[in-house]
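Below: the structure, in structure tokens.
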Amino acid sequence: MLKKFFNLNKFSSNSWKLHIDDEKILWVTLDCPDRSANILSNVVRKDLNILIDGFTNQSTNNQDSKEVIGIVFKSDKKSGFAAGADITEFKSLASTENFIEQSRNLVIDGWNLYEKLEILSKDIPTVALVNGFCMGGGFEFALACKYIVTVDQPKTKMALPEVQLGIYPGWGGIKRLPYRTGAFVAFEIILTGKQIDSRKAKKIGLSDFSSPPRIANLTCKRLIHTQPPKKKLSFINYLLLGVLRPVVCKILLSQIKKRVISEHYPAPYGIIDLWRKYDGNPSVDLSIHDRIIGSDTTKNLIRIFFLRERLKSIGKVKNNVHGNSLQHVHVIGAGTMGADIAIWCAINGFKVTLQDTSEKQLAEAFSNANKSIRKKFKNKAIVQKTLDKLIPDIDGFGLKIADVIIEAIVENLDAKKLLFKKIEPLVKSNAILATNTSSIRLEEISSELMSPKRLVGIHFFNPVRQMPLVEVIKTEIVDKSVLNATYDFINQIGKLPLPVKSSPGFLVNAVLGPYLQNSMRSVDGGYTPEQVDVAMKNWGMPMGPLELLDVVGLDIMMAAGKVMLKDGDIPQCLEELVKRNHLGKKTNKGFYDWKLGKKIIRKSKALNSSEAFQLAENLITPLIKKTEHLVKSGIVEDSELADAGVIFGTGFAPFRGGPLNYQNKKNKEKVASI
Ligand code: NAI
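Quick note on numbering: the sequence shown equals residues 210 to 883 in this note's numbering.
Spelled out as structure tokens, the structure:
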């Protein structure tokens, strides 16, 4: 192997910091200035290119040129190694006229850069030391190094989330990952964007070592000095990458087809195509790149990425003027919602006391907590620590010391009013007082409080662990400091807060109402539940509306209908099912038959695709109209937030970018066609 030399004085960068130690190892630390996370922006990549070009095979006469026997790439950020490419750069490209052209250049530049890094890694051992998160372009960077060392700590997570943004890992991830993990494991990561922790990374062959934090640097040094051979893939895995690659692609395609339609989500199909034909190299046939990046889906998914960031930023209140550091949550009501809220808060590090009038209900909640927490964490010590945070509290001792109090008792105004009146004198003066009501106006619940401006709505969705959105319901009089502390709290439990005004159904339930009623009316009109649900799923909704109603419970829908609709407006099919006590999943009968929590599939005459699309459009229109109305009437601040709320609260077809975005597009198409 040729000796390599590097002249430190000839390199300068704001982001990459270099140091050669006594053992001739070059430590390259990425530390992007003015950012909390490292981003592989244009400038950072340019500097990396210069760095790679800086290695020479001979020492120049200059005494600053030093021999280097290995390189360790690491990060100085607490957050992690690198968050990937700069999505803001990509977003600004998307608004330019020659977007496709520019996006091609961006991808090809990154591909070439990492190819260069891989070539250098053949001459001189390179190690990526991954401590914390390592996403997208950061992950692909690590793959181009000879060795990957992951630090075994909870924040170490590696993922290729490109597919979730409607793009693809074009900087070599598609090519290199299968050679480390085998094809099926690699594409499970590439096609889902799922996150891998340090131990899992080692287990599947993604990382070469999972190192405890205190010896991570030593592990890197040892790798450079000893250069152990890389772990080999099994023979069958080699065949799957070689002659059997077309078979692998066929299997992957059939799996993808079950999840998404190519017209809605072209990226996963393009990724498989790119790997099968060109080993993941986008520059050989740019038509695949154009097909993926040029789609509306990409623009809409990137828009959703920024909508999510906007909601997160609401939660990152600079001054939590309420002044309390939030540590203890007290939940009242251990039913469906209260129990799940309590478990979620404990999982996110809060001490939680859970109160209910019923001992049986509390016992059931704790049994569920045990199962959920064991499912969530593999590490026994973390399981125990989390379980210890959750305390049954039938007498409500936690009320006096909690920082956040969440009421989740039955949906009954008198019961809620009475409860708040009783607890108000007991709680700390700066504790957040919140209700999880889904339909009652906050002004009514707080009407008998000494300080009604303390009450805020924290409206979680069911199931709590899966739904990212939480509506924060604000009355006209709510104290600003209470609101800020609430946003802060929701951020701390890893949910997205959406501010909405106190009004019937707030945003999400208010828009779902007319959509669900319309779906039931189409059953009254002669369509089968299967025809309605299949039409909506093909349109892009995650679950059909009638299946959703069965899951929520038809009695609950009936109760909501009685509040929100005039007499005679309740769909006939709903009245009949409720009369027969067919309440959905919980009674095993509703619009569908259910067994052991699973829907029983029935045969039903399929609609042709244009009829199904028209039905779906008719069903979704009232949801769109209602969203428009709620923005106009100021219930939600603007159309971006409304789109974000409907997407994260209902699962509204993400590739359509939200109801108002979709309507805008349709309006533009209409104008263009005139
Ligand atoms: P649930 O009926 O499953 O549970 C209510 C619990 O409150 C029961 O365990 C009951 O024993 C307890 N309880 C009643 N009065 C009490 C009191 N004075 N003190 C202490 N505990 C008391 O109800 P669920 O479905 O959990 O709903 C709770 C709240 O969350 C309601 O306001 C509901 O509108 C709202 N919500 C419900 C959603 C759902 O999907 N179920 C979704 C979002 C909000």
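The beta-carbon is built from N, C-alpha and C at its ideal position, and this holds for glycine as well.
Suppose the cutoff is 6 Å on Cβ atoms and the five residues either side in sequence are ignored; what does the same chain contact list for residue i look like?
i	result
Ser655	Pro661 and Leu664
Met766	Leu758
Ala578	Ile552 and Leu599
Lys886	The question about residue 886 has no answer, for the chain in this structure spans 210 to 883.
Leu571	Ala543, Asp565 and Pro601
Is residue i helix, strand or coil when you go by DSSP?
i	result
Lys587	coil
Ser419	strand
Val561	strand
Val772	helix
Ser728	helix
Lys275	strand
Ala643	strand
Val787	helix
Ser288	coil
Asn340	coil
Glu685	coil
Asn218	helix
Phe575	helix
Phe299	helix
Ile280	strand
Thr830	helix
Gly346	helix
Tyr736	coil
Trp748	helix
Ala815	coil
Thr305	coil
Lys508	helix
I think residue i touches residue j, with their Cβ atoms under 8 Å apart; what is that distance to the nearest whole Å?
i	j	result
Leu322	Asn258	6 Å
Ile953	Cys458	With the chain running from 210 to 883 in the structure shown, residue 953 is simply not present.
Gly489	Gly381	7 Å
Arg512	Gly866	5 Å
Phe290	Gly347	5 Å
Leu763	Leu783	6 Å
Ala851	Leu716	7 Å
Met750	Asn645	At roughly 25 Å, the Cβ-Cβ gap does not stay under 8 Å, so Met750 and Asn645 are not in contact.
Ala744	Ala821	4 Å
Are the CB atoms of residue j and residue i within a distance shorter than 7 Å?
i	j	result
Gly799	Asp759	yes
Arg389	Leu415	yes
Thr695	Glu652	no
Lys746	Gly735	no
Phe342	Lys325	no
Asp733	Pro780	yes
Ala476	Val394	no
Leu678	Ile649	no
Phe308	Gly263	no
Ile497	Leu483	yes
Asp256	Asn218	no
Leu374	Phe514	yes
Thr836	Val709	no
Ser304	Val358	no
Ile552	Val540	no
Lys355	Thr335	yes
Ser250	Ser288	no
Phe670	Gly524	no
Pro868	Ile833	yes
Val613	Ile641	yes
His537	Ala425	no
If you drop the 5 nearest sequence neighbours on each side, which residues of the same chain put their C-beta closer than 7 Å to that of residue i?
i	result
His228	Trp236
Lys430	Glu232 and Ile234
Val253	Ser224 and Cys241
Ser813	Thr737, Glu739 and Gln740
Leu520	Leu705, Pro706, Leu707 and Ala853
Gly391	Leu442, Asn446 and Leu449
Val469	Pro477
Glu633	Leu658 and Met659
Tyr724	Pro754, Leu828, Ile829, Pro831 and Leu832
For residue i, which residues of its own chain have a beta-carbon under 8 Å away from its beta-carbon, when the five flanking residues on both sides are left out?
i	result
Gly703	Asn557
Glu276	Lys212, Lys213, Phe214, Lys233 and Ser268
Ile893	Limits of the chain in this structure are 210 at one end and 883 at the other, which puts residue 893 out of reach.
Lys630	Glu657 and Leu658
Asn827	Asn727 and Ser731
Could you check if residue i belongs to the surroundings of the ligand COA, using beta carbon to heavy atom distance under 6 Å?
i	result
Ile654	By its list of ligands, the structure shown excludes the ligand COA, since it contains just the ligand NAI.
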